[in-house]
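**Student:** Protein chains in written order, with this note's numbering: chain A, 1 to 105; chain B, 1 to 105.
There are 2 protein chains.
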Amino acid sequence: MKMLPVLCCGPATEPLDPESSETLAARFRALADPTRVAIVNRLASADECCVCDLNAAFELSQPTISHHLKVLRDAGLVESSRRGTWAYYRLVPDAVSELRHTLGG
Amino acid sequence: MKMLPVLCCGPATEPLDPESSETLAARFRALADPTRVAIVNRLASADECCVCDLNAAFELSQPTISHHLKVLRDAGLVESSRRGTWAYYRLVPDAVSELRHTLGG
DNA sequence: TCCTTTCATCGATCGACGTCGATGCAGTAT
DNA sequence: ATACTGCATCGACGTCGATCGATGAAAGGA
Numbered sequence: 001m002k003m004l005p006v007l008c009c010g011p012a013t014e015p016l017d018p019e020s021s022e023t024l025a026a027r028f029r030a031l032a033d034p035t036r037v038a039i040v041n042r043l044a045s046a047d048e049c050c051v052c053d054l055n056a057a058f059e060l061s062q063p064t065i066s067h068h069l070k071v072l073r074d075a076g077l078v079e080s081s082r083r084g085t086w087a088y089y090r091l092v093p094d095a096v097s098e099l100r101h102t103l104g105g
Numbered sequence: 001m002k003m004l005p006v007l008c009c010g011p012a013t014e015p016l017d018p019e020s021s022e023t024l025a026a027r028f029r030a031l032a033d034p035t036r037v038a039i040v041n042r043l044a045s046a047d048e049c050c051v052c053d054l055n056a057a058f059e060l061s062q063p064t065i066s067h068h069l070k071v072l073r074d075a076g077l078v079e080s081s082r083r084g085t086w087a088y089y090r091l092v093p094d095a096v097s098e099l100r101h102t103l104g105g
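#1: Are the C-beta of A/N41 and some C-beta of chain B separated by less than 8 Å?
#2: Does A/L77 come out as helix, strand or coil in the three-state DSSP assignment?
#3: Taking only beta-carbon positions, decide if A/G76 is within less than 8 Å of chain B.
#4: Any idea which residues DSSP pairs B/C49 with across the strands?
#5: Along the stretch 19-40 of chain A, where does the CB come closer than 7 Å to a CB of chain B? Name the residues.
#6: Considering Cα atoms alone, identify which of A/R100, A/A95, A/R83 is closest to A/D74.
#7: Pick from B/A26, B/T35, B/T23: whose alpha carbon is nearest that of A/A25?
#8: Any chance the stretch 67-81 of chain B sits against the stretch 59-74 of chain A, with 3 or more Cβ pairs inside 8 Å?
#9: Name the chain B residues whose beta carbon is nearer than 8 Å to that of A/R73?
#10: Taking 8 Å as the CB-CB cut-off, is B/V96 touching chain A?
#11: Determine the closest residue to B/V113 out of B/L77, B/R27, B/E19, with distance taken between C-alpha atoms.
#12: At 7 Å on the CB atoms, spell out the chain A contacts of B/R100, in chain order.
#13: Let me check understanding here. Comparing Cα to Cα, which of A/P18, A/E22, A/A38, A/Y89 lies closest to B/L16?
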C-alpha cells in the first residue's frame, strides 16, 4: 500500500507536490458519487457482497453498477473475487483508513 | 454544522439514506480536484491565506482559482472574509474533521 | 475625478463522467 | 448441444465541471 502524505491537521503538514495532489484527488473522486458512497457504506457493514445484491439494492442498470465498482476497484477502495458464477466485493479497510489519515487523523 | 452519518468503521455503521449519500458525495466532490486538494493543504499550514497568494502559487488563471474557492466555500470546507481590498481564506477545521469521521474515526 | 489593483461573476468551450442498451463471455442447468 | 444467468465491456448520449477571456464591483492612490 502506497503511503500518502498527511493532508491537514497534526504537527507536520508539509506542502503537497503536484503528484500527491493528483493521487489524493483521484481517491476522493472515487467517493464523489452518491451511488459509490452508498456501495462503500453497504460493503462496510457486510464482509462481502455479491454484485447481484448491489444490482437489486440500487435502482440503476447493471452496467452502471458495474461501472461504479470498477471506479472503486481502480481507486483501490474495494477488491473483488469470482467464485463460480458470482462476483463478490469487499472493502479494503487499509485504503479507507489511509484516506482518513490524509484528513488528519 | 450539520451532522453527517458514520460511513464505515466503528461499531455503528447504519445504512445510508439517499440524501446522506448525496451530501457525503458532495463533500468528497469538493476534494476531487488536485488544485482544491492543494489549496486545502496550503490553508492547513497557514492560519489565513490571501487570494492573491493563491493566484501566485498555482499556474492557473485568477477566475479558475476563484471558482475553486467557491466550490470549497459551498462545501463548507473553507470560509472567507474581506479586509479592505483583499480576501482572506481560512480552513474550517470542524468540517474537515467531520468528513474524516465519516471515514470511520 | 480617473486610474490601478483585487477579487467575483459571466459566457463559452471542451473534455470528463454517469447512464443506458447492446454485446460478449463464463459458468450452470436442462 | 442448447439455453439461461451473472457480470464485464463497448459505444453512444446527455450533463457536469475545469478552464479561460471579458466584464463588473469595490477599494485605494495619484
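C-beta: ideal position from N, C-alpha, C; glycine also.
Being a predicted model, the structure only gives us computed values, none of them experimental.
**Tutor:** Reading from the atomic positions:
#1: Sequence index remark: in the first sequence, residue 41 of chain A carries index 41 (1-based). Using a CB distance cut-off of 8 Å, A/N41 counts as an interface residue toward chain B.
#2: Counting from one through the first sequence, the residue named residue 77 of chain A turns up at place 77. Annotated three-state conformation of A/L77 is coil, per DSSP.
#3: Counting from one through the first sequence, the residue named residue 76 of chain A turns up at place 76. Taking a beta-carbon distance threshold of 8 Å, A/G76 does not count as an interface residue toward chain B.
#4: For the purposes of this step, residue 49 of chain B is identified with residue 49 of the second sequence, where counting begins at 1. The partner list for B/C49 (beta bridge, DSSP) reads B/Y89.
#5: For the stretch 19-40 of chain A, the set of positions with a beta-carbon nearer than 7 Å to some beta-carbon of chain B reads S21, E22, L24, A25, F28, R29, L31, A32, D33, P34, V37, A38, V40 in chain order.
#6: Within the first sequence, the letter at position 74 stands for residue 74 of chain A. When each option's Cα is compared against that of A/D74, the closest is A/A95.
#7: One-based indexing of the first sequence puts residue 25 of chain A at position 25. When B/A26, B/T35, B/T23 are compared, the shortest CA-CA separation from A/A25 is found for B/T35.
#8: No, because fewer than three Cβ pairs between the stretch 67-81 of chain B and the stretch 59-74 of chain A fall closer than 8 Å, the two stretches do not touch.
#9: Residue 73 of chain A sits at position 73 when you count from the first residue of the first sequence. Per Cβ cutoff of 8 Å: no residues; A/R73 is ~17 Å from chain B at best.
#10: Position 96 of the second sequence, counted from the first residue, corresponds to residue 96 of chain B. Nearest CB-CB separation between B/V96 and chain A: below the 8 Å threshold.
#11: A query on residue 113 of chain B cannot be resolved here, the shown segment of chain B reaching from 1 to 105 and no further.
#12: Position 100 of the second sequence, counted from the first residue, corresponds to residue 100 of chain B. For B/R100, the C-beta contacts it makes with chain A under 7 Å involve R100, L103, G104, G105, in order along the chain.
#13: Here residue 16 of chain B is taken as the residue at index 16 of the second sequence, counted from 1. Ranking A/P18, A/E22, A/A38, A/Y89 by Cα distance to B/L16 puts A/A38 first.
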